[in-house]
Structures are given as C-alpha cells and as structure tokens.
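Novice: Can you read through this structure? Questions will come right after.
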Amino acid sequence: MSNRAVLEVIALDEQDAVAAQTGGADRLELVTDMAADGLTPPTATFTAIRRAVDIPLRVMLRLADGFAAGDVDALAGRAAELRAAGADEFVLGFLTPDGEPDLVAVERLIAVLDGARWTFHRAIDRAADRDGLRKRLADLPGLDTYLTAGSAAGVDTGLPVLEAEAARAGEPGYEPRILVGGGLRLDHLPRLRAAGLDAFHIGGAARPQGWTAPVSADAVRTWRTAVDAP
Numbered sequence: 001m002s003n004r005a006v007l008e009v010i011a012l013d014e015q016d017a018v019a020a021q022t023g024g025a026d027r028l029e030l031v032t033d034m035a036a037d038g039l040t041p042p043t044a045t046f047t048a049i050r051r052a053v054d055i056p057l058r059v060m061l062r063l064a065d066g067f068a069a070g071d072v073d074a075l076a077g078r079a080a081e082l083r084a085a086g087a088d089e090f091v092l093g094f095l096t097p098d099g100e101p102d103l104v105a106v107e108r109l110i111a112v113l114d115g116a117r118w119t120f121h122r123a124i125d126r127a128a129d130r131d132g133l134r135k136r137l138a139d140l141p142g143l144d145t146y147l148t149a150g151s152a153a154g155v156d157t158g159l160p161v162l163e164a165e166a167a168r169a170g171e172p173g174y175e176p177r178i179l180v181g182g183g184l185r186l187d188h189l190p191r192l193r194a195a196g197l198d199a200f201h202i203g204g205a206a207r208p209q210g211w212t213a214p215v216s217a218d219a220v221r222t223w224r225t226a227v228d229a230p
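Those letters in the sequence shown? Residues 1 to 230, per the UniProt record's numbering, in order.
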C-alpha cells in the first residue's frame, strides 16, 4: 500500500508552479500578495500557471488581509471570472467579527463555484468555536479540506488539537481532510504522521531564501521525501 501523503505548495507565479511540480508537489495553492497572507491572484496568473503545470490548483478567494469577507459582490465576481477561465478548486473561509463562520459570504461564493471542491482555510484557527464551525459547515457542497495549524499561533502550539481532530475523522463535521499548514516544520512530521495526518501545506518552507525568492524545487523535494517517510 502506498504511504504517499499530499503535499501542497503555495505558488505566486508560473516559475513557482513549475519548481513545485518538479520537486514533487501534488497540488498548488495559488495566491498573490503574501504581505497580506495571500489574496486572490489575477485570472491571467491562473491561466499562465494552468498552462505550465498539470497538477491540481486551488485558487485563493480573499480580497483583503484578515478573515472578514469584505465586498462579497466583488469576491463573487472574481470567483465567477476564475471559474469561467477553468479554475475548478478553491480556497476560502470567512468569520464574523465575533469569530463565527460567515455563512452568508461562504454560501454566496460556493453557489458561484457550482460544485467545485474547496478548502476552508486558516480562518478555522481564529474561530471562537472550532467544533461548532465544523458542524455548521458540515453540509456545504464541495468542502473537502480544512487548512489548519490547530492554533492561530502555528503548528507548535496546535499539535494537540490536530491530533485530537485527526482522531475524530469521519464524525459529523470531521469528514473533510485535515491539511496541516502554518509554521509547519520538518521536525513536526513524525508526530503528525503517527496521528494519521497525511496532508501538508508549505509556503515559506519551499523558499529557503525567503518570500522574495522563488520556490526551490530542491526544498520541495526534501519535503516530498519527508512527508512520505514511514
């Protein structure tokens, strides 16, 4: 039986995407403006990357820093444009000011996505009630992944939460796959794999020279080997 885990890499442009695929990434998260923790990229960037690589692409739907939806009409317009250009996987997630899931914004967007698969991103790590959020989103179409560090502070702090949630896989609200990301390091992997977690997300770790440098295929290759280790 294969022990291969999912490795998702953040890509900002075509060069990043090619390097990530060369290094062994299974999937890309497409964003722009990492100074704001990743916003929706231009449609032209998506189309260029889609031509350059043949692995799955998840496109961020987020127009401003933070976890408020902001201008939902504008966001829905961008989603429709990307969908028309061929995007078929997405990343999104919004909270109300009191830390509850913003179901109005999320449901508006997934109606535009029309059945596309999507990840609820690290907004879950800022939620007032993680379990409650999962249960309120449980029946939304297309939701197959949670990107989470287990804590707003990162994986170092969130490891016990990730282990506990992994143990609940298959329960109502816990069917989507856990994609671990947010301060993830190589030394976290043995404990995470031992807990049954098998999907990992890296951004800065794929860029040893920093966010101003492109993705390194060698760095991704190192992670590919590590996440597949027994």
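For glycine and all other residues, C-beta sits at the position ideal for the given N, C-alpha and C.
Excluding the 5 residues preceding and the 5 following D88 in the sequence, name in chain order all residues of the same chain whose CB lies nearer than 7 Å to its CB.
Specialist: Your numbering for residue 88 matches position 88 in the sequence shown. Hits under 7 Å: A116.
Novice: Select from A153, A229, D218 the residue whose C-alpha is nearest the C-alpha of G24.
Specialist: Residue numbering aside, residue 24 sits at position 24 when the sequence shown is read from its first letter. G24 has its Cα closest to that of D218, out of A153, A229, D218.
Novice: Let me check one thing: in DSSP terms, what residues is V112 bridge-paired to?
Specialist: Here residue 112 refers to the residue found at position 112 of the sequence shown. Partner(s): none; V112 has no beta bridge.
Novice: Could you tell me the boundaries of the alpha helix (DSSP H) in which A80 lies?
Specialist: For this step, residue 80 is matched to residue 80 along the sequence shown. Segment 72 to 84, the alpha helix (DSSP H) holding A80.
Novice: If I measure Cβ to Cβ from M1 and keep anything under 8 Å in the same chain, skipping five residues before and after, which residues do I get?
Specialist: Residue 1 sits at position 1 when you count from the first residue of the sequence shown. Because M1 sits at a pLDDT of 36, beneath the cut-off of 50, its placement in the model cannot be relied upon, and the following sentence gives the value as read from the coordinates. Closer than 8 Å at Cβ, skipping near neighbours: no residue.
Novice: Measuring alpha carbon to alpha carbon, tell me which of A199, E175, D73 ends up nearest P141.
Specialist: Numbered from 1 along the sequence shown, position 141 holds the residue referred to as residue 141. Comparing Cα-Cα distances from P141 to each of A199, E175, D73, the minimum goes to E175.
Novice: Does the beta carbon of A68 fall short of 7 Å from some heavy atom of the ligand HEM?
Specialist: As for the ligand HEM, it is missing from this structure, which has no ligand bound.
Novice: Are the CB atoms of R4 and D228 nearer to each other than 8 Å?
Specialist: Looking up residue 4 in the sequence shown gives position 4. Looking up residue 228 in the sequence shown gives position 228. Yes, they are a contact pair.
Novice: From the DSSP output, which residues share a beta bridge with E8?
Specialist: For the purposes of this step, residue 8 is taken as the residue at position 8 of the sequence shown. The partner list for E8 (beta bridge, DSSP) reads R27, H201.
Novice: With DSSP collapsed to three states, give me the class of L61.
Specialist: In the sequence shown, residue 61 corresponds to position 61, counting from 1. Here L61 sits in coil by DSSP.
Novice: Taking only runs that begin and end inside the segment 110 to 153, name each unbroken alpha helix (DSSP H) of 4 or more residues, in chain order.
Specialist: 130 to 137, all fully within the segment 110 to 153.
Novice: Shortest alpha-carbon distance to A79 belongs to which of R50, T96, D114, G66?
Specialist: Here residue 79 refers to the residue found at position 79 when the sequence shown is read from its first residue. Comparing Cα-Cα distances from A79 to each of R50, T96, D114, G66, the minimum goes to D114.
Novice: Just curious, the alpha helix (DSSP H) that L192 is in, first and last residue?
Specialist: Position 192 of the sequence shown holds residue 192. Here the alpha helix (DSSP H) through L192 covers 189 to 194.
Novice: What residues in its chain sit with their C-beta under 6 Å from that of A195, if we drop five residues either side in the sequence?
Specialist: Locating residue 195 in the sequence shown gives position 195, counting from the first residue. Once the five neighbours on either side are set aside, the close Cβ partners of A195 are E163, A166.
Novice: Got a sec? Which residues, its chain only, sit under 7 Å from L192 by beta carbon, not counting five neighbours each side?
Specialist: If you number the sequence shown from 1, residue 192 lands on position 192. So the list reads L162, V180, once near-sequence residues are dropped.
Novice: Would L39 pass as a contact of D26 if the rule is Cβ separation under 8 Å?
Specialist: Working through the sequence shown from its first residue, we reach residue 39 at position 39. Working through the sequence shown from its first residue, we reach residue 26 at position 26. No, these two residues do not count as a Cβ contact at 8 Å.
Novice: Buried or exposed: which applies to P230, given that a residue is buried once 16 or more other Cβ atoms fall within 10 Å of its Cβ?
Specialist: If you number the sequence shown from 1, residue 230 lands on position 230. Exposed, by the Cβ-count rule.
Novice: By Cβ distance below 7 Å, which residues in the same chain neighbour P208 in space, the five residues on each side in sequence not counted?
Specialist: Here residue 208 refers to the residue found at position 208 when the sequence shown is read from its first residue. Answer for P208: S216, A219, listed in chain order.
Novice: Enumerate in chain order the residues of its own chain whose CB-to-CB distance from A213 is below 6 Å, with the five nearest sequence positions on each side excluded.
Specialist: Walking along the sequence shown from the start, residue 213 turns up at place 213. Result list for A213: R207, in chain order.
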